[in-house]
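S.K.: 944 is the number of the first residue of the sequence shown in this note's numbering; add one for each residue after it.
The C-beta atom is built at its ideal place from N, Cα and C for all residues, glycine as well.
Quick one: structure below, then a few questions.
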Amino acid sequence: MPGEEGRGGPGGARGLMPGEEGRGGRAQPVRALGVAVSLRGGAGRGGPVPGDLRGEPRGARLLSEPRTPAMGPPSQLWKRPAQRRLSRCLPSGAARSSTAPALAAAPAPAAARPLPYEAIPRSGRNAWLSLYRLWRSNSFPRFHLVMQRNFQRLGPIYRETVGTYNCVNVLLPRDAAQLFQSEGIFPRRMGIESWIAHRQLRNHKCGIFLLNGEEWRSDRLILNKEVISPAGTRKFLPFLNAVAQDFVTLMHRRISKNTRRSLTIDLYSDLFRFTLEGSSYALYGERLGLLEESPNAESQRFISAVETMLRTTLPLLFIPPGLMRWVTSKLWRDHIEAWDTIFKHADKCIQNIYQEFCLGQPRKYSGIMAELLMQAELPLDSIKANITEFTAGGVDTTAMPLLFTLFELARNPNVQTAIRREITEAESQGPRELSKVLNSMPLLKSTLKETLRLYPVGITVQRYPTKDVVLQNYCVPAGTLCQVGLYAMGRSPEVFSNPERYDPLRWLSKEENSFKALAFGFGARQCIGRRLAETEMMLFLMHVLRNFRIDTVSKADIKTVFGFILMPEKPPLLTFRPID
């Protein structure tokens, strides 16, 4: 669920995250699994979270930096001579003058001299010709593969321009660390102009996914307490658990109607319904009834609107805002109508909660929105804006990792068996808080990390460095859009041994894993829905694997497409068999 980085967004500085994610710590080895998990198959994909099982790269606390003065807009940077930009990247012992003799007077070691920005390998020379070629060849759905090929062809860093999109792409974890170190206290991600244009057109306030600077920070700090902090997460855990149990009941009911005592199914739409039901219950404290055999038509329209919104976002990403409605009128119209449907659905849920709140009816914990209303720290329009973004972001970004995980467990039955054994052992320790039960299942957590390595929801994480930064010995000016290629990183043999192999145990080994798991972003601007998504997925898998053995009709690698999130080109068929 991308509160901010779920689709490949940024990270941030220390001090803003309640869970203190920056602490490293190593995952403990799995006890008494009794199985050397020999793993097979698996497509590749960028990923999960390093260091400790909760998710932040080790040493993240060290990456906090004081805010540096703004360097001005990128357009001003290009007006400076390349030699002057280069001198700012030189070590302190090197000459700072922009004159050639001064540079020559204090030579730095050859290895320490960063090369100018212009020397970075480049993909494509003409921004609009590159956009035309992408459009003409219908390469948008294969954008993750295009990036992967560019890294293979140009090396671990390259720059590209496509339409209005101008950025530097990096592959290796050490460059990701360097990039995050230069982000300052207001981490900034790439703006999604079509989303902002919709908010302006309809006079809606933007939520934190679209905000930057002090406004983003103040809203984020308030939202953290109810959405991502451990205390806030414990409150909505029972809601997610109830929905996961209802999904199991639904599957048992379907299987009971089949004389073969099994069910082979495309689970794509069911997972969308499950994630919408779970996230809505956590947000609004209300059940939508989507796990009934005949879900209501309004909720189905909402799910279709989310799919349309994602499908239309990617091609609009490269077009100037002023041209969107003229160059691609149908695409633009579909995009706006999809967002209107999303806002209409969210607004109806919001109004129900708000009316109860105004009537002063006594309430137990009734979801995230009710808590925000009672705290009264955010204005109502900000609460509405953020809750709407959470609603839209809590469906596909959780459903797709679950689908990929079920497929990988189906074609790696030894991993499935080991996780089932871990679940049984965790539950045999007697009644405990749900959070403690989940924390006693490191292999299950690592399985989600491994899925997100191979199939990241967002294929990149972005940052605008607030100061000049050296990446791969190239000087990258402040204000330049930089992206870490998660999909390509997850499949790179330079980063992971046997990257094509589905191996959850790699995250429990002594191997160095810092900055290899960035699927939820990093730091203060990591995905705010991370805890909601992680717990929802873990509870789903815990209940499903306890009740069913899962097989797949075909063990061939899944072809993936990029529709602003990564998804299967064709969903796999999965077979569910009850465990007696």
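(1) To the nearest angstrom, how far is the alpha carbon of Thr1104 from that of Glu1437?
(2) To the nearest angstrom, how far is the alpha carbon of Lys1392 from that of Cys1301?
(3) Give every residue of the same chain whose Cβ lies closer than 6 Å to the Cβ of Ser1073, excluding the five residues on either side of it in the sequence, and list them in chain order.
(4) Could you tell me the boundaries of the beta strand (DSSP E) in which Ile1208 lies?
(5) Ser1389 to Thr1403, Cα distance in whole Å?
(6) Is the beta carbon of Ile1151 closer than 8 Å to that of Ile1501?
(7) Sorted by chain position, which residues of the same chain lie with C-beta nearer than 6 Å to Ala1281's C-beta, five sequence neighbours on each side aside?
(8) I'd like to know whether the C-beta atoms of Cys1425 and Val1111 end up nearer to each other than 8 Å.
(9) On the three-state DSSP scale, how would you describe Arg1131?
(10) In angstroms, rounded to a whole number, what distance separates the CA positions of Ile1330 and Met1312?
(11) Using 8 Å as the cut-off, can you tell me whether the stretch 1201-1218 makes contact with the stretch 1341-1351, which would need three or more C-beta pairs spanning the two stretches below that distance?
(12) Quick one: Cα of Glu1332 to Cα of Leu1164, how far?
(13) Please report the straight-line C-alpha distance between Gly1433 and Phe1465, rounded to a whole angstrom.
(14) Comparing C-alpha positions only, which one of Ile1493, Leu1475, Pro1515 sits nearest to Lys1178?
(15) Check Phe1439 in the structure and name its three-state DSSP category.
(16) Can Leu1180 and Ser1309 be called in contact, C-beta distance under 8 Å?
(17) Specify, as a first and last residue, the run of the alpha helix (DSSP H) that Asp1324 falls within.
(18) With distances taken Cα to Cα, identify the nearest neighbour of Val1338 among Thr1192, Phe1190, Glu1479.
(19) Based on Cα-Cα distance, which residue from Tyr1407, Ser1325, Pro1263, Phe1182 lies nearest to Leu1231?
(20) Nearest-angstrom Cα distance between Gly1373 and Met1481?
(21) Just mark Gly1036 as buried or exposed, buried being the case when its beta carbon has 16 or more other beta carbons within 10 Å.
(22) For the beta strand (DSSP E) holding Pro1521, just list the boundary residues, first then last.
(23) Which complete alpha helix (DSSP H) runs does the stretch 1359-1392 hold, if anything under 4 residues is left out?
(24) May I ask you to list the residues that DSSP assigns as paired with Val1404?
(25) For the candidate residues Ala1140, Val1380, Ile1128, whose alpha-carbon lies nearest to that of Glu1157?
(26) Glu1487 to Ala1289, Cα distance in whole Å?
(27) Kindly list the residues whose CB is nearer than 7 Å to the CB of Leu1484, restricted to its own chain and excluding five residues on each side of it in sequence; keep chain order.
(28) What's the call for Met1317, buried or exposed, on a 16-neighbour Cβ count within 10 Å?
(29) Near Pro1264, which residues of its chain fall below 7 Å by C-beta distance, leaving aside the five closest residues on each side in sequence?
(30) CA-CA distance, Leu1260 and Phe1491?
(31) Once the 5 residues before and after Met1267 are set aside, which same chain residues still bring their CB inside 7 Å of it?
(32) State yes or no: is the C-beta of Pro1511 within less than 8 Å of the C-beta of Ala1462?
(33) Is it buried or exposed, Val1113, if we count other Cβ atoms within 10 angstroms and call 16 or more buried?
(34) So what's Leu1058 in DSSP terms, helix, strand or just coil?
(35) With DSSP as the reference, label Val1504 as helix, strand or coil.
(36) Taking C-alpha atoms, which residue in Arg1406, Tyr1297, Val1358, Leu1517 lies nearest to Arg1468?
M.R.: Result, derived from the coordinates:
(1) 26 Å
(2) Lys1392 and Cys1301: Cα-Cα distance of roughly 42 Å.
(3) Same-chain partners within the cutoff: Gly1067, Val1105.
(4) 1206-1209
(5) 21 Å
(6) no
(7) Cβ within range, chain order: Ala1248, Thr1251, Met1252.
(8) It is a contact, given that the beta carbons lie within the stated cut-off.
(9) coil
(10) 7 Å
(11) yes
(12) 17 Å
(13) In a straight line, the C-alpha of Gly1433 is about 16 Å away from that of Phe1465.
(14) Leu1475
(15) In the three-state DSSP reduction, Phe1439 falls in the coil class, being neither helix nor strand.
(16) Between Leu1180 and Ser1309, the gap from beta carbon to beta carbon reaches 8 Å or more.
(17) 1323-1336
(18) Glu1479
(19) Per the Cα distances, Phe1182.
(20) 19 Å
(21) Because the pLDDT at Gly1036 is just 39, under 50, the model does not fix this residue reliably, and the value given afterwards should be weighed accordingly. Flag for Gly1036 reads exposed.
(22) 1516-1521
(23) 1377-1382, all fully within the stretch 1359-1392.
(24) Note: Val1404 sits in a beta bridge opposite Val1427.
(25) Ile1128
(26) Note that residue 1487 corresponds to Val in the displayed sequence, not to Glu. Each residue's Cα considered, the two are about 29 Å apart.
(27) Thr1348, Leu1387
(28) exposed
(29) Result list for Pro1264: Glu1136, Ala1140, in chain order.
(30) Going from the Cα of Leu1260 to the Cα of Phe1491 covers about 41 Å.
(31) Ser1137, Ala1140, Leu1259, Trp1275
(32) no
(33) buried
(34) strand
(35) DSSP places Val1504 in strand when its eight states are reduced to three.
(36) Arg1406
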